[in-house]
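I have placed the structure first, in the form of structure tokens, so that the comments after it can refer back to it.
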Amino acid sequence: MIEIEHIEKSFQGKTALRDISLSIPEKQTMVIVGCSGCGKTVLLRSIIGLVKPERGRILVNGRDVTAMRRKELFEIRKQFGMLFQGAALFDSMTVEENIALPLREHTKLNPAQVRQKVSEKLKLVGLSSIGDKKPSELSGGMKKRVGLARALIMDPKYMLFDEPTTGLDPIMSDAINRLILNTQQQLNITSIVVTHDLKSAFTVGNRIAMICEGVVIFSDSVEAFQNSDHPVVRQFIEGRSGPREEK
Amino acid sequence: MMIAGFFENIGHTFLSYLREVGRMVILMIRIVRFSPDIIRNRSLTIGQMMKIGVLSLPLVTVVSMFTGAVASWQAAYQFRGLISLDFLGAAVSAAIFIELSPVLTGLVVAGRVGASIAAELGTMCVTEQIDALESLAIDPVRYLALPRFTAGWITMPLLVIYSNIVAHFGAYLVASFLMDVSTAAFFGSVQRYFLFHNVLSGLVKALVFGGGTALVGCAVGFSTTGGAEGVGKSTIRAFVYSSAFILISDYILATFLF
Chain E
32 MIEIEHIEKS FQGKTALRDI SLSIPEKQTM VIVGCSGCGK TVLLRSIIGL VKPERGRILV
92 NGRDVTAMRR KELFEIRKQF GMLFQGAALF DSMTVEENIA LPLREHTKLN PAQVRQKVSE
152 KLKLVGLSSI GDKKPSELSG GMKKRVGLAR ALIMDPKYML FDEPTTGLDP IMSDAINRLI
212 LNTQQQLNIT SIVVTHDLKS AFTVGNRIAM ICEGVVIFSD SVEAFQNSDH PVVRQFIEGR
272 SGPREEK
Chain V
-15 MMIAGFFENI GHTFLSYLRE VGRMVILMIR IVRFSPDIIR NRSLTIGQMM KIGVLSLPLV
45 TVVSMFTGAV ASWQAAYQFR GLISLDFLGA AVSAAIFIEL SPVLTGLVVA GRVGASIAAE
105 LGTMCVTEQI DALESLAIDP VRYLALPRFT AGWITMPLLV IYSNIVAHFG AYLVASFLMD
165 VSTAAFFGSV QRYFLFHNVL SGLVKALVFG GGTALVGCAV GFSTTGGAEG VGKSTIRAFV
225 YSSAFILISD YILATFLF
């Protein structure tokens, strides 16, 4: 279980997160939605210690990530997989090397076992025979899939997805959504998905939290979100521009 | 008001340089802490040695050859009418060993390697690849900076040894074909006045320049922000800082070594 308690973070005087508290139950997918620049990604990155909040605690299985020493943080990160917005594949490596890297660094598997695990994960994300390609030779959707395979290679307990469908066409977005859903169901992991794509949110999520100007303004089930009469939530669902409505 | 603004700008610039130096010192400490992992990282280090060393050879060859040639020409010009050209080899050789090879090879490597390290790591920073490494529980300092730093300080002395040989050859060609100095006279004087201390001093300098250039490249690369423009700025910063580091540390080392 991941519990976020009163997190605050600002960058050069600009507040990104203001007293954020959320609870992410085991084996569920929590989707965090909100307008661009509202602090969703900062929150996601705080969970694995890529960003250090100024106040508050983030508890992963009861252990506070924000108070961990670097060595402990690296140990806890082995339980996480993260899919970055641009996939963040290593340019200098092939697809296979990208996916195999965590295994080579953290396990004592022999090269044949590594290769077998890599091809299993590539198959899981619907890709095969692209192990020798470089990331620059892949399309956006393929990059995301490879990023997902890399994130899943250590069989993580928790998956973090940062804007998994941004920049993809609707068909590829749907394919990625199905992939997230399938991996969640097959591997029974706890996932946090940050997105502003509502179709994606409704497809993959069990629960939705909405952040607006660094504050959680809504947190409940997908159905409750869809039926919410909170003016900002409604404005977001209906995609109306203009000044943000009063809460 | 204008004077206050002027001094404020100087203060800001000074503080930003101090911050850069601080970042480099902290990175150095973190690299040293990971030094037991050098063996584990050996394949990465060898890869970097290839990039820093083998791929720099053509440039180092050209620069060293002409450095030796120019040194020989200039020394002959200064000797004319004062000292016999039979001493040309000794004078040029000492200059090559002590100063010319380490400093010029260092500057070439700073331009080629320091800037390329900063560009590579800078690009990794702005495309979230460094964060991806962190998220995979791989420390970027161990995985990226340690191999580059190790390769830097190991490879640079080897490059300088090579540069010494090529520069001597360049100097000999000018002395022999343009100054009518015989081969026996040139190399005889080199041998007569040869001091191992000179060679060793040059290699100590090379070791410091190599490690320093890689360290600067890594520190600047890791602190890159602002997309492609930021990467471009980091590349320039890495070259400027590592060149300044080489020239300043050259003076400091000279005061200790001689």
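Order-wise, the sequence lines are chains E and V.
For the first sequence, position 178 matches number 209 in the numbering used here, and the numbering has no gaps at all.
For the second sequence, position 134 matches number 118 in the numbering used here, and the numbering has no gaps at all.
Even glycine gets a Cβ: it sits at the ideal position worked out from N, Cα and C.
query = Per DSSP, which one or two residues make a beta bridge with I51 of chain E?
reply = E:I38
ask   = At a cut of 8 Å, does the stretch 56 to 63 of chain E reach the stretch 235 to 249 of chain E through at least three beta carbon pairs?
value = yes
request  = Closer than 8 Å by C-beta to G65 of chain E: which residues in its own chain qualify, once you throw out the five before and the five after it? Chain order, please.
outcome  = K71, H227, M241, I242, C243, F267
key: Collapsed DSSP secondary structure at M108 of chain V in the structure displayed   = helix
task = Determine the closest residue to Y177 of chain V out of V:G95, V:F81, V:F223, V:G201, with distance taken between C-alpha atoms.
result = V:F81
inquiry  = Counting only Cβ pairs nearer than 8 Å, list the residues of chain V close to P133 of chain E.
reply    = L120, A121, I122
ask   = Per DSSP, which one or two residues make a beta bridge with F249 of chain E?
value = E:M241
key: Neighbouring residues, chain E, relative to T111 of chain V (Cβ below 7 Å)   = G117, A119
task = Give the interface partners of A79 of chain V over in chain E, defined as CB-CB distance under 7 Å, in chain order.
result = Residues of chain E passing the Cβ test: none, with the nearest at roughly 40 Å.
task = State buried or exposed for V16 of chain V, treating a residue as buried only when at least 16 other CB atoms are found within 10 Å of its CB.
result = exposed
ask   = Sorted by chain position, which residues of the same chain lie with C-beta nearer than 8 Å to V183 of chain V's C-beta, five sequence neighbours on each side aside?
value = F81, N148
ask   = What does DSSP give as the partner residues of F192 of chain E in its beta bridges?
value = E:L114, E:V224
inquiry  = Residues of chain V with CB closer than 7 Å to the CB of H137 of chain E, please, in chain order.
reply    = A121
query = Applying the criterion that 16 or more other CB atoms from any shown protein chain within 10 Å of the CB defines a buried residue, is F240 of chain V buried or exposed?
reply = exposed
query = Is the beta carbon of G136 of chain V less than 8 Å from the beta carbon of F223 of chain V?
reply = no
inquiry  = Relative to the C-alpha of I107 of chain E, which candidate in E:D95, E:D200, E:E39, E:L114 has its C-alpha closest?
reply    = E:D95
message = Please identify the residue among V:M34, V:A59, V:L91, V:V93 whose C-alpha is closest to the C-alpha of A78 of chain V.
response = V:A59
message = I'd like to check one pair, G172 of chain E with I207 of chain E: are the Cβ atoms closer than 8 Å?
response = yes
Proximal residues of chain V, C-beta to C-beta of L81 of chain E below 8 Å = D115, E118, S119
key: Where K109 of chain E meets chain B, residues with beta-carbon distance less than 7 Å   = Among the protein chains in the structure shown, which are E and V, there is no chain B.
ask   = Of the residues V:T209, V:F170, V:Y61, V:G52, which one's Cα is nearest the Cα of V150 of chain V?
value = V:G52
request  = Please name the residue, chosen from V:L179, V:S233, V:M108, that lies closest to T209 of chain V on a Cα-to-Cα basis.
outcome  = V:M108
Distance between L11 of chain V and L74 of chain E (C-alpha atoms, nearest Å) = 27 Å
request  = Would you tell me roughly how many angstroms separate the C-alpha atoms of I236 of chain V and V188 of chain V, rounded to the nearest one?
outcome  = 12 Å
key: Proximity of L191 of chain V and V44 of chain V at Cβ, strictly below 8 Å   = no
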